[in-house]
Amino acid sequence: MIDGKRILVVEDEFIVAAMLCDTLEDHGAMPVGPVGRVSEGLEVIAAGGIDAAVLDWNLAGESGSSLAEALAARDVPFIIATGYGSVDAPFNERPILSKPYVSAHLIEKLSGLFTG
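In our numbering, the protein residues as written are 26 to 141.
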């Protein structure tokens, strides 16, 4: 379901980002990034060419809300990954992946972005 999709990886924890990219590659996706700062993520989003994103909600103390707004404005589907349990409106209706997560749940949620 995600084969050939360009997935932006926004994650500030190096080990988590590396494992996430490996998982995406194992399932045929093309990871973009990873990026670990809001400013870097905004640059990638502005450049375009991504099919979806996995967005860490807390990046070195910064909220991922500006990234979520930029993705939503471009109609790019995304999953919010968080270890904090909840996400404020209006993004609390987006798919949320609670950390720590297993790869199968990640792939299931990402696949759901493309199947409706």
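Backbone N, C-alpha and C fix where the C-beta goes; we use that ideal spot for every residue, glycine too. Only a predicted model underlies this, so the values are computations on that prediction, with no experimental measurement involved.
{"query": "Beta-carbon proximity check, LEU49 vs GLU36, cutoff 9 Å", "result": "no"}
{"query": "Span separating the alpha-carbon of LEU135 from that of PRO115", "result": "20 Å"}
{"query": "Whole-angstrom C-beta distance between TRP82 and ILE105, which should lie under 8 Å", "result": "5 Å"}
{"query": "For VAL34, the nearest candidate out of ASP28, PRO56, ASP51, MET26 (CA to CA)", "result": "PRO56"}
{"query": "Terminal residues of the beta strand (DSSP E) in which MET55 lies", "result": "55–60"}
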